[in-house]
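Residue numbers (the working numbering): 1 to 119.
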């Protein structure tokens, strides 16, 4: 399990280096995740060690939301003061996320269908 976790940390570290020196607009963890997805796509399968660590992280994913929830409660008066701006930011970010997800899904689905027709 430590080996799989180390592999994930290596991809995040490479992403952080890319973010710092090559592409400063993309956060390091996002760049590392993109590199990990590209590696897994190239490999054709998820290694068992990475799958084991990913499953363990996903089982406890809810715990990662506790600090954010505490922050919301702590700054509730400030959020109420800027309710319109926060609401618009949330709505626009959700729409943008759904739009980008649809584009990425369409791209990967087209590639997968192309692979099926080639076989």
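Think of the CB as a built atom: it goes at the ideal place given N, C-alpha and C, for glycine as much as any other residue.
Being a predicted model, the structure only gives us computed values, none of them experimental.
For residue 28 against residue 44, the beta-carbon gap comes to about 26 Å, at or over 8 Å, which does not count as contact. Annotation for residue 23: no alpha helix (DSSP H) segment contains it, and DSSP assigns it neither H nor E.
When the five nearest sequence neighbours on each side are left out, the beta carbons in the same chain lying within less than 6 Å of the beta carbon of residue 3 are those of 49, in order along the chain.
Assignment of alpha helix (DSSP H) within the region 59-100, counting only whole runs of 4 or more residues, yields 66-74 and 76-81 in chain order. Here residue 75 is exposed, its C-beta having fewer than 16 other C-beta atoms within 10 Å.
By the CB criterion at 8 Å, residue 21 and residue 53 fall outside the cutoff.
DSSP places residue 4 within a helical segment (H, G or I) once states are collapsed to three. Put simply, of 96, 86 and 51 the residue whose alpha carbon is nearest the alpha carbon of residue 8 is 51. Taking a 10 Å sphere around the C-beta of residue 39, we find fewer than 16 other C-beta atoms and assign the residue as exposed. In the DSSP assignment, residue 29 falls within the unbroken alpha helix (DSSP H) covering 28-43.
About 4 Å separates the Cβ atoms of residue 32 and residue 11, confirming a contact at the 8 Å cut-off.
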